[in-house]
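Q: Note that this note's numbering has the sequence shown beginning at -18, numbered continuously upward. Just passing along the structure, written as structure tokens.
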Amino acid sequence: MSNSINRELVLDLVSWCRRQMESSGGKRAVLGLSGGKDSTVVAALLARAIGADNVYALIMPDNGQADLDIAIEICENLNVQYRVVDISSITHSIHEKLAEASLSGFIESVSEQTKLNLPPRVRMSLLFAFSQSIPDSRVINTSNLSEDWVGYVTLYGDTAGAFAPLGMLTSDEVIAVGRELGIPERFLTIPPADGLTGRTDEEVFGFSYDQLNSYIRTGELEDKIVREKIDNLHKSSRFKFLRLPMFRPPFRIGARDIAGIYNQEREDN
């Protein structure tokens, strides 16, 4: 599958990133860098597209991060600007407020999913806060197609950003892009993990990335149980990628919708 990734495609991807920045009026890019291949490849693409000096990476550990040193090494290898921001005090404070709400009976209990989704949402809040204080900067999404396809992303967490360079590339294709960019192999082959549960992505899925990626590209998968599981995850996570539904009253919008938002056909009502 990665044979389709070549130098020409990567150059097109770099040019696309540059055009996206220009069309949005952005001159600088802000992204979260975890030490994983996705954020590493996006940082490298942006460094090529707008210059490493214009790329700002935030490394945001929560209660320790095993690959913190790797994330720092990646930033230094790419010569991008970076800052380590420990978010543990922020997540701890929110957990305390949730616990208080639980004790008062406002909520029954703090769900495990709440605990898992909180760090990505805190990180995205910080990324946008930093971006708004860095002139002409844009927050860039680092998710790939494989994760998105099965909804392995947090709504308003790692689904956010001005644009997604890897949004239509599977995880193995991302690795191939990284190789074309000359990123050291050790930064591309770390087993993907959520950084939250201590488990790898594949352990969480119950199937392999090879199976997922092959199915995405070919539409075929011999293991019917895995295929059904992927289909169910894809269908159930659809809401994460839809535009915000709005009730449409029978009232006309007469103003010229230059942004092309309100007069488009929507699936709201």
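No residue lacks a Cβ here, since even glycine has one placed at the ideal position from N, Cα and C. This one's a predicted model, so the numbers in the text were calculated from it and none came from an experiment.
1) Under 6 Å Cβ to Cβ from V65, same chain only, skipping five residues before and after it: list those, please.
2) Could you tell me which whole alpha helix (DSSP H) segments of length 4 or greater appear in the region 147 to 182?
3) Measuring alpha carbon to alpha carbon, tell me which residue in A82, F188, R180 and P172 is nearest F131.
4) Return the residue from the list D129, L(-8), E184 and A143 that minimises the CA-CA distance to I121.
5) Enumerate in chain order the residues of its own chain whose CB-to-CB distance from G16 is below 6 Å, with the five nearest sequence positions on each side excluded.
6) Roughly how many angstroms separate the alpha carbons of P163 and A157, rounded to a whole number?
7) Check each candidate in A145, Y37, V(-5) and P173 and name the one with the smallest Cα separation from L113.
8) Can you tell me whether K230 is buried or exposed? The criterion is at least 16 other CB atoms within 10 Å of its CB, across all chains shown.
9) Within the same chain, show all residues whose beta-carbon is closer than 7 Å to that of I(-14), passing over the 5 residues directly before and after it, in chain order.
10) Find out if the Cβ-Cβ distance for the pair N60, A33 is shorter than 8 Å.
11) Note down, one range per segment and in chain order, each alpha helix (DSSP H) of at least 4 residues found wholly within the region 199 to 238.
12) According to the Cβ coordinates, are D117 and R9 closer than 8 Å?
13) Could you give the C-beta distance for G148 and S124, rounded to a whole number, given that I count them as a contact under 8 Å?
14) Bridge partners of S118, per DSSP?
15) Please confirm whether P101 has its beta-carbon closer than 8 Å to some beta-carbon of chain B.
16) Count the other CB atoms, across all protein chains shown, that sit within 10 Å of the CB of A226; report buried if there are 16 or more and exposed otherwise.
17) Based on the DSSP secondary-structure assignment, which residues constitute the bridge partners of Q62?
18) Q46 lies in the alpha helix (DSSP H); which residues open and close that run?
19) By Cβ distance below 6 Å, which residues in the same chain neighbour F109 in space, the five residues on each side in sequence not counted?
20) Tell me, to the nearest whole angstrom, how far the beta carbon of T95 is from that of L79; I am working on the premise that it is less than 8 Å.
21) Starting from the C-beta of N35, find all residues in its chain whose C-beta is less than 6 Å away, skip the five residues before and the five after it, and write them out in chain order.
22) Could you compute how far the alpha carbon of Y63 sits from the alpha carbon of L14?
23) With DSSP run on the structure shown, which of helix, strand or coil describes V134?
24) Count the other CB atoms, across all protein chains shown, that sit within 10 Å of the CB of T151; report buried if there are 16 or more and exposed otherwise.
25) Assuming contact is defined by CB atoms lying nearer than 8 Å, are I68 and L12 in contact in what I supplied?
26) So, helix, strand or coil for I68, using DSSP?
27) Using a Cβ-Cβ cutoff of less than 6 Å, which residues in the same chain neighbour L89 once the five nearest sequence positions on both sides are dropped?
28) Starting from T21 and walking both ways along the alpha helix (DSSP H), at which residues does that stretch end?
A: Well, looking at it:
1) I40
2) 152 to 161
3) Here residue 131 turns out to be Val, not Phe, going by the sequence shown. Taking only the C-alpha atoms, the option nearest V131 is F188.
4) A143
5) D48, I51 and A52
6) Before going further, note that residue 163 is Gly rather than Pro in the sequence given. Spanning the two alpha carbons is a distance of roughly 10 Å.
7) Before going further, note that residue 113 is Gln rather than Leu in the sequence given. Of A145, Y37, V(-5) and P173, the residue nearest in Cα terms is Y37.
8) Position check: residue 230 holds Pro in this sequence, whereas Lys was assumed. Exposed is the call here.
9) E154, A157, V158 and E161
10) yes
11) 205 to 217
12) yes
13) 6 Å
14) R9
15) Within the model displayed, chain B is absent; a lone protein chain is all it includes.
16) Checking the displayed sequence, the identity of residue 226 turns out to be Pro instead of Ala. Counting Cβ neighbours within 10 Å, P226 comes out exposed, since fewer than 16 surround it.
17) Y37
18) Segment: none, Q46 is in no alpha helix (DSSP H) and carries neither H nor E.
19) V120
20) 7 Å
21) R9
22) 9 Å
23) coil
24) buried
25) no
26) coil
27) First, the residue type needs correcting, since residue 89 is Glu and not Leu in the sequence shown. There are no such residues.
28) K18 to I31
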